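Step one of this worksheet: look at the structure below.
In the numbering used here, the protein residues as written are 12 to 449.
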């Protein structure tokens with residue numbers, strides 16, 4: 012059964028909207044997820060002073076999360092495809108709180124190090140769970156905004172998370188900063204446990220809304236029939252998967268460059284104070300939150316609902332957003348902080364509009380039972396580039412005492428990603444099931 016041609020506003024008004032409550036729940040989870048991650052960066056000066064840590068030890072603490080988080084992306088995707096978002100999401104959220112609690116009560120380097128490794132393990136499923144759950148809960152023509160909700164939460168965490176943790180740490184000490192994130196994580200675990208079910212198991216989902224979701228092209232529930240390893244091998248042979256992975260890795264490089272080095276760039280190149288740089292750095296992230304929601308989300312759904320070709324709409328936003336990311340070149344041509352923030356805001360805004368398209372693709376192109384694995388593959392590559400970006404940038408800035416070449420490198424990598432999206436990804440349509448004739 013397919014959606015009637017008169018899929019318009021009057022019809023949609025009769026459909027209950029429980030799915031949007033689920034979308035909001037996933038967005039809150041990612042917001043807390045990212046606040047958990049940034050806590051150490053804010054608390055680092057107090058921790059370093061209390062435990063007399065060297066710069067090397069502090070660097071190990073900063074990197075510990077990325078090790079376990081990146082390595083587990085593909086295995087977690089396979090586990091997610093086997094057991095589903097409900098079980099994996101519950102365990103993940105519970106362990107977020109455990110990791111923050113361990114950090115808050117740690118008596119030195121070793122305890123915090125173990126806690127950061129555990130946090131990487133716990134948060135590895137977060138984005139793949141949200142992506143797969145969105146595929147279950149939303150028809151294809153609403154997938155853009157639904158994905159943008161949780162993706163924008165990651166950007167918005169930089170706007171509210173840093174001030175929240177900073178005020179707590181300055182007022183009560185660094186342990187209370189992690190105490191706050193532990194409380195938030197456990198509250199989210201309770202909310203997720205109580206509210207989230209896959210659509211087929213949700214007793215509060217009406218038959219009308221369930222039919223609307225299914226008829227709109229929701230991803231089929233259940234594991235792959237051939238097993239997780241067979242699915243992984245099959246997907247690694249698919250051109251679409253490689254096109255998505257290379258393109259999204261290129262996005263990840265620039266995203267993590269700005270995430271880690273933007274305040275330092277403003278202090279070093281624009282000669283701002285730390286406090287002033289924090290205020291300026293919030294501007295591009297606030298702009299990115301808006302473009303994420305309204306371009307990568309609302310605009311795509313609006314155009315698809317009006318009958319525009321779904322594949323062309325999504326690929327256009329994906330590619331144009333990446334092209335706007337090249338505005339980072341503009342920041343190399345100015346020493347005026349206002350113009351620098353202008354160009355960086357355009358770059359981050361473009362990348363943010365492309366990001367929810369990227370995260371919607373696993374559930375849009377995956378064969379049955381493969382969305383989690385595709386999400387794991389692309390996020391593994393994304394985070395490898397995320398780990399490389401701050402290191403490469405630091406090396407270039409250290410050697411040249413300038414961010415110019417670092418921004419040029421980011422632009423070249425973005426061009427490679429654009430080429431991958433244009434020529435390798437192909438049409439946005441489901442990959443055939445492994446058992447299906449090719």
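Backbone N, C-alpha and C define an ideal beta-carbon position, used for all residues, glycine too.
Please read all numbers here as calculations on a predicted model, not as lab measurements.
Could you tell me the alpha carbon to alpha carbon distance between residue i and residue j, rounded to whole angstroms?
| i | j | result |
| --- | --- | --- |
| residue 440 | residue 57 | 50 Å |
| residue 165 | residue 304 | 12 Å |
| residue 17 | residue 340 | Only weak support is given to the placement of residue 17: the predicted model assigns it a pLDDT of 39, under 50, and the question is left unresolved by the model. |
| residue 444 | residue 128 | 36 Å |
| residue 167 | residue 359 | 13 Å |
| residue 213 | residue 224 | 13 Å |
| residue 454 | residue 139 | The shown model of the chain, from 12 to 449, leaves out residue 454, and the question about it has no answer. |
| residue 312 | residue 41 | 21 Å |
| residue 23 | residue 316 | Note that residue 23 scores a pLDDT of 46, beneath 50, so its modelled location is shaky; the value from the coordinates is reported in the next line. Computed Cα separation, rounded: 11 Å. |
| residue 114 | residue 228 | 43 Å |
| residue 97 | residue 208 | 6 Å |
| residue 282 | residue 401 | 20 Å |
| residue 59 | residue 72 | 11 Å |
| residue 153 | residue 375 | 12 Å |
| residue 200 | residue 37 | 11 Å |
| residue 19 | residue 302 | Unreliable positioning characterises residue 19 in this predicted model, as indicated by a pLDDT of 45, which lies under 50. The coordinate reading is nonetheless provided below. If you take the alpha carbons of residue 19 and residue 302, they lie about 25 Å apart. |
| residue 308 | residue 328 | 10 Å |
| residue 77 | residue 109 | 18 Å |
| residue 404 | residue 118 | 33 Å |
| residue 453 | residue 33 | Because residue 453 is not part of the residues shown, which for the chain are 12 to 449, the question remains open. |
| residue 352 | residue 50 | 25 Å |
| residue 263 | residue 428 | 10 Å |
| residue 61 | residue 265 | 34 Å |
| residue 179 | residue 290 | 18 Å |
| residue 137 | residue 287 | 32 Å |
| residue 397 | residue 218 | 42 Å |
| residue 267 | residue 242 | 30 Å |
| residue 306 | residue 344 | 27 Å |
| residue 116 | residue 126 | 10 Å |
At which residues does the alpha helix (DSSP H) containing residue i begin and terminate?
| i | result |
| --- | --- |
| residue 347 | Unbroken run through residue 347: none, as it is neither H nor E. |
| residue 38 | 29-62 |
| residue 97 | 84-115 |
| residue 155 | 154-183 |
| residue 139 | 137-148 |
| residue 330 | 321-336 |
| residue 433 | 415-434 |
| residue 312 | 311-316 |
| residue 225 | 218-226 |
| residue 408 | 382-411 |
| residue 246 | 239-246 |
| residue 208 | Note, residue 208: premise wrong, no alpha helix (DSSP H); not H, not E. |
| residue 440 | Residue 440 -> no alpha helix (DSSP H), and no H or E assigned at all. |
| residue 125 | 120-134 |
With C-beta atoms as the reference, is residue i less than 7 Å away from residue j?
| i | j | result |
| --- | --- | --- |
| residue 231 | residue 93 | no |
| residue 47 | residue 370 | no |
| residue 389 | residue 256 | yes |
| residue 189 | residue 100 | no |
| residue 81 | residue 394 | yes |
| residue 435 | residue 155 | no |
| residue 133 | residue 103 | yes |
| residue 239 | residue 424 | no |
| residue 88 | residue 384 | yes |
| residue 43 | residue 270 | no |
| residue 318 | residue 335 | no |
| residue 293 | residue 170 | yes |
| residue 185 | residue 54 | yes |
| residue 356 | residue 298 | yes |
| residue 141 | residue 258 | no |
| residue 120 | residue 68 | yes |
| residue 84 | residue 418 | no |
Can you tell which of the options has its C-alpha closest to the C-alpha of residue i?
| i | options | result |
| --- | --- | --- |
| residue 415 | 229, 277, 322 | 277 |
| residue 31 | 410, 295, 221, 423 | 221 |
| residue 112 | 176, 83, 192, 251 | 192 |
| residue 421 | 54, 376, 342, 60 | 342 |
| residue 296 | 279, 344, 354 | 354 |
| residue 386 | 398, 176, 366, 328 | 366 |
| residue 442 | 381, 392, 432, 428 | 381 |
| residue 29 | 142, 150, 119 | 150 |
| residue 216 | 148, 347, 184 | 148 |
| residue 321 | 368, 185, 406 | 368 |
| residue 323 | 197, 242, 438, 63 | 438 |
| residue 348 | 431, 210, 279, 177 | 279 |
| residue 74 | 105, 123, 27 | 123 |
| residue 251 | 411, 116, 373, 211 | 373 |
| residue 326 | 158, 172, 433 | 433 |
| residue 86 | 175, 206, 135 | 135 |
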